[in-house]
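Trainee:
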Amino acid sequence: MILTIILALGLFGSWLHGQRIGLLATILKLISYILAWIVAKQAVDIVLPYLPAILSNTLGRGIIAMISFSVIMAGWRYVKRQLHWLTKLPVIGTLNARLGGAVYLSMTLSVELILLLIFQHLTVPWWQHQLQTSLLAQWMLHQVPLLTNYLQTLLP
Numbered sequence: 527m528i529l530t531i532i533l534a535l536g537l538f539g540s541w542l543h544g545q546r547i548g549l550l551a552t553i554l555k556l557i558s559y560i561l562a563w564i565v566a567k568q569a570v571d572i573v574l575p576y577l578p579a580i581l582s583n584t585l586g587r588g589i590i591a592m593i594s595f596s597v598i599m600a601g602w603r604y605v606k607r608q609l610h611w612l613t614k615l616p617v618i619g620t621l622n623a624r625l626g627g628a629v630y631l632s633m634t635l636s637v638e639l640i641l642l643l644i645f646q647h648l649t650v651p652w653w654q655h656q657l658q659t660s661l662l663a664q665w666m667l668h669q670v671p672l673l674t675n676y677l678q679t680l681l682p
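Residue numbering for the sequence shown is 527 to 682, as defined by our numbering.
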């Protein structure tokens, strides 16, 4: 019962968080992290030779990566704020919220499923009892083979 409540609260909370954030902000956040990581790696290689020798190689890389990552993320936050008006349009705003909720729900479901798969082999009696009495956990664990087979049919 306790495990079911924890899993359900996690799923419900992620749905609410995803609706509040929205799909557009989620996609922009993902793009910004990827872009900032790529730019930070490139900036380290470009700027590091010009730093004085008093900085160690690791310290210099860390400082350059942190500064470039912060600048890129600040720029993307500005872009996100400029596009925020799109999410206030009636149909697009509702669709954005629902799809954002679905994305966050699927991410949380995936994480919970991975954790259940890992910890189902834990031999603590209390945990095994919770796992066996939780209908939601049992449903998630039994749906894994079905979902995996279905996803494999979708892939070329």
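We put the beta carbon where it would ideally sit given N, CA and C, even for glycine.
The structure presented is a predicted model; accordingly, all values stated were derived computationally and were not measured.
Can you tell me which of the three DSSP states V570 falls into?
Mentor: In the structure shown, V570 sits in a helix (DSSP, three-state: H, G or I).
Trainee: Which residue comes first and which comes last in the alpha helix (DSSP H) that contains M527?
Mentor: Taken as a continuous stretch (DSSP letters only), M527 belongs to no alpha helix (DSSP H), as it is neither H nor E.
Trainee: Count the other CB atoms within 10 Å of the CB of R603; is the residue buried (16 or more) or exposed (fewer)?
Mentor: When all chains shown are included, R603 counts as exposed.
Trainee: Can you list the alpha helix (DSSP H) stretches of 4 or more residues lying completely in the segment 590-640, in chain order?
Mentor: Correct list: empty.
Trainee: DSSP three-state call for S660: helix, strand or coil?
Mentor: Looking at S660 - three-state DSSP - the assignment turns out to be coil, as it is neither helix nor strand.
Trainee: Since Q545 contacts R607 with CB under 8 Å, what's their CB separation in whole angstroms?
Mentor: Their Cβ separation, rounded to whole angstroms, is 19 Å, which puts Q545 and R607 out of contact at 8 Å.
Trainee: Please report the Cβ distance between T613 and L673, rounded to the nearest whole angstrom; I am assuming they are in contact, meaning their Cβ atoms lie under 8 Å.
Mentor: Not quite, the Cβ-Cβ distance comes to about 31 Å (not below 8 Å), so this is no contact.
Trainee: When the Cβ atoms of the segment 619-637 are set against those of the segment 527-542, are three or more pairs found closer than 8 Å?
Mentor: Taking 8 Å as the limit for Cβ pairs, the verdict is that the segment 527-542 does touch the segment 619-637.
Trainee: Using the C-alpha atoms, what's the distance from L680 back to L609?
Mentor: Each residue's alpha carbon lies about 33 Å from the other.
Trainee: Can you give me the C-alpha to C-alpha distance between G601 and H543, rounded to a whole angstrom?
Mentor: The straight-line gap from Cα to Cα measures roughly 23 Å.
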